[in-house]
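K.L.:
A single structure is presented below for examination.
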Amino acid sequence: MFRTIKGLIGTGLLIGVSMLASADNTVQSRQIVLQGGNGEQLTIGQLLLSPTQDGYSAVVKMDDAPYGDQFLSMRPFKCLESEKQQLCHLPYPYQNKQQIRQGELIDLEYQLLFIRRAPNDYGINPWFGVYYKLEWQNPPEGPIVGTLYETNLDVLAAPPEDPAIKPISEDDLYEADHAEHWLPQLIIR
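The following block contains the structure:
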């Protein structure tokens, strides 16, 4: 009988603690949309935000629907395709805490790396990297807006010596001519 009462109390405490945890860690889902200069919008995934002590856990879940499967340079890629350009998602291959807060969105930026290519290109070249520099407007309710920069993603070929340091620096980002890009703006709303 003692074990039964002890088990019931333990189960009750466990249920109470998990109810508190779920109330404090409400997951907010936002759409990730890429936008073209002509107003075209393409929803590519969701951002799942959960409050933490230091800000938010930020996990990107890409939708399968808008992507085509490509096998490029001996590996599979998910690519957004148009007549003008393809954008192939490049998952960051190293440690990413997936934590953000206002003014510190780099973990989220690293989940949204792409390589652009012409539809008739052979293979894929990390030299043509696409990096969306993000800004959170009116956090936590406001949108997160990204501006496209060009970068050479060859720096990701080898893991960083210190996993806490991200290998793409501000000096590696170049302002892009948005007229040359299919989807130059990213909006998370």
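The numbers in our numbering rise by one with no breaks, and the one at position 189 of the sequence shown is 348.
C-beta atoms are modelled at their ideal positions from N, C-alpha and C, and glycine is treated no differently.
Does the Cβ-Cβ distance between Leu271 and Leu345 come in under 8 Å?
P.N.:
Yes, the pair counts as a contact, with Cβ atoms nearer than the cut-off.
K.L.:
Quick one: what's got a C-beta closer than 8 Å to Pro343's C-beta in the same chain, skipping five residues either side?
P.N.:
The answer, listed in chain order, is Gln194, Gly195, Gly196, Thr306, Leu307, Ala335 and His337.
K.L.:
How many angstroms separate the CA atom of Thr185 from the CA atom of Gln258?
P.N.:
Taking the straight line from one Cα to the other gives about 15 Å.
K.L.:
Assess, as a yes-or-no matter, whether the segment 231-244 is touched by the segment 287-294 under the definition of 3 or more beta carbon pairs within less than 8 Å.
P.N.:
The answer is no - the segment 231-244 does not touch the segment 287-294, with fewer than three Cβ pairs under 8 Å.
K.L.:
How would you call Ile324, buried or exposed, if buried means at least 16 neighbouring beta carbons within 10 angstroms?
P.N.:
The residue in question, Ile324, is exposed, as its Cβ has fewer than 16 Cβ neighbours within 10 Å.
K.L.:
So which of Ala317, Met221 and His248 has the shortest CA-CA distance to Arg276?
P.N.:
For the residues Ala317, Met221 and His248, the minimum Cα distance to Arg276 belongs to His248.
K.L.:
If we ignore side chains and look at the alpha-carbon of each, how far apart do Pro225 and Val192 end up?
P.N.:
Rounded to whole angstroms, Pro225 to Val192 spans 11 Å at the Cα level.
K.L.:
In whole angstroms, what separates the C-alpha of His340 from that of Phe287?
P.N.:
So the two alpha carbons sit approximately 11 Å from each other.
K.L.:
Assign Lys220 to buried or exposed, taking buried as 16 or more other Cβ atoms, counted over all protein chains shown, within 10 Å of its Cβ.
P.N.:
The residue in question, Lys220, is exposed, as its Cβ has fewer than 16 Cβ neighbours within 10 Å.
K.L.:
In this structure, does DSSP put Ile303 in helix, strand or coil?
P.N.:
Note: Ile303 maps to strand in three-state DSSP.
K.L.:
Quick one: is Glu199 buried, meaning 16 or more other Cβ sit within 10 Å of its Cβ, or exposed?
P.N.:
Result: exposed.
K.L.:
Got a sec? Which residues, its chain only, sit under 7 Å from Val218 by beta carbon, not counting five neighbours each side?
P.N.:
If we look at Val218 and ignore the five residues flanking it on each side, its Cβ neighbours are Leu207 and Gln257.
K.L.:
Compare the beta carbon distance of Val314 and Ile303 with 8 Å and say whether it is the shorter of the two.
P.N.:
Not a contact, by the Cβ cut-off of 8 Å.
K.L.:
Just the C-alpha distance for Asp223 and Lys237, rounded to the nearest angstrom, thanks.
P.N.:
If I take the Cα positions, the gap works out to 8 Å.
K.L.:
Please state the DSSP three-state secondary structure of Leu342.
P.N.:
It is coil, neither helix nor strand.
K.L.:
Can you check which of these residues, Ser209, Phe273 and Thr211, is closest to Tyr251 by C-alpha distance?
P.N.:
Measuring from the Cα of Tyr251, the nearest candidate turns out to be Phe273.
K.L.:
Going along the chain, which unbroken runs of the alpha helix (DSSP H) with 4 or more residues stay wholly within the segment 248-293?
P.N.:
You should have 265-268.
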